[in-house]
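Using numbering that gives the first Met the number 0, read the sequence shown as starting at 0 and increasing by one per residue. Built from N, CA and C at the ideal position, the CB exists for glycine as well. Structure first, then comments.
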Amino acid sequence: MRLVLVRLAASAGVLWGAVTVTFVLLQVMPGSTADVLLARSAVGPEVRAAIIAEYGLDDPLPLQYLTYLGRIVRGEFGESYVLRRPVWDEIAAQLPGTLLLVATTLLATAVAAVVHGVVSANRRAWVRSLFASAESLVVALPPFWLGLLLLTVFSFTLHWFPAIGSSSPAGLVLPTAALAAGPAAVVAGVLREGLLRAMDEPFVVTARARGIGEAALRLRHVLRHALLPVTTLLGWIAGSLIGGAVIIEIVFSRQGIGRLALSAVANKDMPMVIAVVLVTAVAFVLVTIAVDILTWVIDPRTRDAGR
């Protein structure tokens, strides 16, 4: 409970920082918010001045910041400047698609990394080098390029999966593969090094002396010791996947919060941008707290450090 409370207190600062940095960056971007509001309207100077006054765009920046910060604290995200709809309604409509993509990506990353890490944890140096080279190649591939490659091969050529815009389970396979490939390669490399270090621990010699098979030794004993750094890494990856989903959602024409954020930034739609950033920051904070709790459960040594 103390661990959770400390993390929650620190998380408040993270959320405040995310909103503040986003507000500042939107202010220094080229273009005017008033131009976005009146993009499709031919109005006179009087109407323009009235709209600017209504949204408080003529107020000093510190006052605009404090006003919007107060609205966020009260849970009032306002209305999108471009879509003319409540911000939360739009986010609620797009968020499930992104969360589904992130969840399947995390699952695919964890499964692929564990299988690859266990198989590649070999004492022979040439075997490890071969797997490490493959991991470096996969990490170097940009997700959007990998997504286009997967579309070309498996959708346009082989016709195994839907091409774009599909909401079916089959339509989730290629976006998940494109988004999970890089993280899975990184996690697999970390897991392999952890497994090799754990194999040199005294408990491995004891377990072998008791007649435990090699497969059971790795899966039941060694893997648990190697999971601590992997758990932390997966938590960081989970928090950053919503940002990575932006490109993948565009490549595969999927509905999601990523495309919503990209459109909002391009149009300087401040209520929408700050709401998306806040939702992403909250997700990152919750994942970080979950990782801390999971680490506390996996490794009893961390429990003394939290007291």
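Just to confirm my understanding: we take residue i, look at its own chain, exclude 5 residues before and 5 after, and list those with CB closer than 6 Å. What are they?
i    : result
L65  : none
I288 : R6
Grouping DSSP H, G and I as helix and E and B as strand, with all else coil, what is residue i?
i    : result
P142 : helix
P59  : coil
V117 : helix
G257 : helix
I51  : helix
S154 : helix
D291 : helix
A162 : coil
V296 : helix
R209 : coil
R123 : coil
P168 : coil
R73  : coil
A11  : helix
Whole angstroms is fine: what's the gap from residue i's alpha carbon to residue j's?
i    : j    : result
V275 : I256 : 7 Å
F202 : V101 : 37 Å
L60  : V290 : 38 Å
A183 : R6   : 27 Å
L140 : T231 : 23 Å
L136 : S239 : 21 Å
V86  : E75  : 9 Å
V27  : T21  : 10 Å
G16  : W295 : 27 Å
T175 : A244 : 10 Å
R47  : N266 : 18 Å
A304 : A131 : Because the pLDDT at A304 is just 49, under 50, the model does not fix this residue reliably, and the value given afterwards should be weighed accordingly. Computed Cα separation, rounded: 34 Å.
P44  : V278 : 36 Å
V189 : Q63  : 45 Å
G69  : A179 : 38 Å
R191 : T156 : 35 Å
A169 : M0   : 41 Å
DSSP has residue i in a bridge; who is on the other side?
i   : result
P85 : E78
Using a Cβ-Cβ cutoff of less than 7 Å, which residues in the same chain neighbour residue i once the five nearest sequence positions on both sides are dropped?
i    : result
I246 : P142, F143
H158 : none
V13  : A280, V284
V264 : V272
G177 : In the sequence under discussion, the amino acid at residue 177 is Ala, which differs from the Gly named in the question. Excluding residues within five positions, the ones whose Cβ falls inside 7 Å are P142, L145, G146, L149, I247.
S128 : none
Going by the C-beta, is residue i closer than 8 Å to any heavy atom of the ligand SAM?
i   : result
G96 : The ligand SAM is absent from the structure shown, which contains no ligands of any kind.
Got a sec? Which residues, its chain only, sit under 8 Å from residue i by beta carbon, not counting five neighbours each side?
i    : result
L316 : The requested residue 316 does not occur in the structure, where the chain is confined to residues 0 to 306.
L309 : In the structure displayed, the chain extends from 0 to 306; residue 309 sits before or after that span and is not available.
L194 : G116, V117, A120, R217, V221, L222, A225
V186 : T108, A109, A112, G116, V229, L232, L233, I236
D268 : V35, S79, Y80, V81, L82, S262
Item to check | Complete alpha helix (DSSP H) runs within the stretch 218 to 283 (minimum length 4 residues, chain order) | outcome: 222 to 250, 256 to 265
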